[in-house]
Every structure is written in C-alpha cells, then in structure tokens.
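Heads up: the structure comes next, in structure tokens.
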Amino acid sequence: NAGVMQNPRHLVRRRGQEARLRCSPMKGHSHVYWYRQLPEEGLKFMVYLQKENIIDESGMPKERFSAEFPKEGPSILRIQQVVRGDSAAYFCASSPRQGGGEQYFGPGTRLTVT
Amino acid sequence: DQQVKQNSPSLSVQEGRISILNCDYTNSMFDYFLWYKKYPAEGPTFLISISSIKDKNEDGRFTVFLNKSAKHLSLHIVPSQPGDSAVYFCAASESGSARQLTFGSGTQLTVLP
Chain A
12 NAGVMQNPRH LVRRRGQEAR LRCSPMKGHS HVYWYRQLPE EGLKFMVYLQ
62 KENIIDESGM PKERFSAEFP KEGPSILRIQ QVVRGDSAAY FCASSPRQGG
112 GEQYFGPGTR LTVT
Chain B
249 DQQVKQNSPS LSVQEGRISI LNCDYTNSMF DYFLWYKKYP AEGPTFLISI
299 SSIKDKNEDG RFTVFLNKSA KHLSLHIVPS QPGDSAVYFC AASESGSARQ
349 LTFGSGTQLT VLP
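In order, the protein sequence lines correspond to chains A and B.
All residue numbers for the first sequence refer to the working numbering, where the first residue is 12 and numbers rise by one.
All residue numbers for the second sequence refer to the working numbering, where the first residue is 249 and numbers rise by one.
Dropping the structure here:
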C-alpha cells in the first residue's frame with residue numbers, strides 16, 4: 012500500500028491523558044500536513060512539516076499540541092492533557108513538493124476523549 | 249470567518265443526470281482550487297484541481313469551472329453514478345504560502361438509482 016498511513020485509526024483517551032497520532036507519508040513525499048475535522052465541519056489546517064522542520068504551525072492551538080517529523084520514522088502529532096473538545100478526526104496529508112498542489116490524505120485517526 | 253463556503257449541505261440527483269456542486273470563496277489571494285470526495289470513516293480523496301490561470305479543467309466525468317470575478321467554482325459530474333454518493337469538499341490555497349488548504353464545510357451528494 013503506497014498511500015498515506017495513519018495509526019491508530021481509533022484512539023480513546025481519558026481527560027488529562029496524552030494522545031500520540033502517527034503518520035507515514037506516501038513514498039517519495041517529504042511534506043506532511045495535519046488537519047483536524049470537528050463534527051459537521053470541514054477540515055481545518057493545523058501544521059505543515061518537512062523532515063526535521065516545522066514550516067507553518069499557524070493552525071495549531073498554542074498549548075498542549077505539538078508536532079514533529081523526524082529524519083527517520085513517521086510524523087507525530089502529540090496532544091498533552093487531552094480535553095473533551097479535542098475529540099475529532101485528525102487527518103494527515105502528504106505532497107511531493109512544496110507548492111505542489113494536491114495533497115494526498117490518510118484515513119485519519121478518530122480521537123475520542125472520555 | 250469562512251473563506252471557503254459551500255452553501256448547500258446536501259444535494260440529491262438521479263442516476264445518469266448531472267450533479268453540480270458549488271463553492272464560493274472570499275480570499276482573492278487564493279489561486280489554486282481542489283475538489284475532494286470523502287466517504288464515511290475514510291480520508292478525503294483528491295478528485296480534480298484547477299489553477300487560477302484557467303477557467304475549466306476536465307478529467308473524465310468530472311469538470312471544474314472557475315469564475316474568478318465572481319469568486320465561484322463548481323464541480324460538474326456527468327453522468328452521476330450511485331458510487332458518487334459521498335461528501336464533496338471544495339478547498340483552496342495560495343501560492344507563496346505553505347500551500348495549506350482551506351476547506352469548505354462540504355456537500356453531501358446522494359445519487360439515487
């Protein structure tokens with residue numbers, strides 16, 4: 012499967028716990044984007060990363076959220092001390108180059124905070 | 249502040265007929281537009297895109313039209329098939345930025361057999 016991979020597909024956390032969401036881009040893609048979709052809404056941009064660099068994090072909440080894309084391994088979106096409002100679908104997308112137009116999305120991680 | 253708007257939350261069309269999905273935008277800096285299709289519990293799937301230097305782009309049954317003066321684009325699907333039933337998202341980006349996509353809220357298309 013050469014598509015964007017995300018895991019886990021479903022994640023349940025209690026309030027105050029940490030959530031780690033992983034994304035492996037398509038082969039040959041070095042640009043990763045994270046989006047969040049709240050119920051009944053469109054996807055909202057969170058952060059754009061290249062290997063070892065955060066390029067644009069203008070959509071990230073100021074606290075509790077962080078993202079990385081290390082030289083080796085998947086990109087990780089980390090949410091500390093989760094709250095009920097963090098419950099959403101989190102999608103990762105990749106593209107082969109900056110400004111390359113279309114982005115290709117993974118299946119998403121559905122986070123439920125109880 | 250919604251920069252990309254899809255004012256019709258739902259649309260029903262008979263199989264074989266044309267489906268027309270509409271999208272309006274307010275940010276005049278947007279110069280690249282995309283349509284995605286999304287099934288429940290899956291990620292969005294890229295369908296077709298158009299650059300602002302064009303006013304039409306075709307790919308098989310899918311055609312996207314762009315009217316820059318009206319800040320309006322539309323997706324035409326003809327003929328519509330039951331498998332086209334999904335949520336369709338319009339998205340836009342601007343060059344010179346990180347190419348983050350700004351999405352509309354989606355239109356649920358139902359194609360009736």
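We put the beta carbon where it would ideally sit given N, CA and C, even for glycine.
Q. Who are the near neighbours of L54 of chain A in its chain, counting only those whose CB is closer than 8 angstroms to its CB and skipping five residues on each side?
A. When the five nearest sequence neighbours on each side are left out, the beta carbons in the same chain lying within less than 8 angstroms of the beta carbon of L54 of chain A are those of Y46, R47, Q48, F102, in order along the chain.
Q | L122 of chain A: contacting residues in chain B (beta-carbon distance under 7 angstroms) | A | What L122 of chain A touches in chain B: nothing, since even the nearest Cβ is about 14 angstroms away.
Q: Scan the segment 277-291 of chain B for residues whose Cβ lies nearer than 9 angstroms to a Cβ of chain C and list them as they occur along the chain.
A: Checking the listed chains, one finds no chain C in this structure; the protein chains it contains are A and B.
**Q.** For R95 of chain A, three-class secondary structure by DSSP
**A.** Helix.
Q: State yes or no: is the C-beta of L295 of chain B within less than 7 angstroms of the C-beta of F310 of chain B?
A: Yes, the pair counts as a contact, with Cβ atoms nearer than the cut-off.
(Q) Tell me the DSSP secondary structure of D307 of chain B in three-state form. (A) Of the three classes helix, strand and coil, the one that applies to D307 of chain B here is strand, per DSSP.
Q.
Quick check on DSSP: helix, strand or coil for D332 of chain B?
A. Three-state DSSP puts D332 of chain B in a helix.
Q: Would you grab the beta carbon distance between V252 of chain B and A339 of chain B for me? Rounded to a whole angstrom, and I think it's under 8 angstroms.
A: Going by Cβ atoms, the distance from V252 of chain B to A339 of chain B rounds to 7 angstroms, so yes, they are a contact pair.
Q. For V326 of chain B, which of B:F337, B:Y280, B:G308 has the nearest alpha-carbon?
A. The shortest Cα separation from V326 of chain B among B:F337, B:Y280, B:G308 belongs to B:G308.
Q.
On a Cα-Cα basis, can you pick out the residue from B:F281, B:S258, B:Y336 that is closest to I301 of chain B?
A. The shortest C-alpha separation from I301 of chain B is found at B:F281.
Q | Interface partners of S297 of chain B on chain A, CB under 9 angstroms | A | Those are G112, E113, listed as they occur along chain A.
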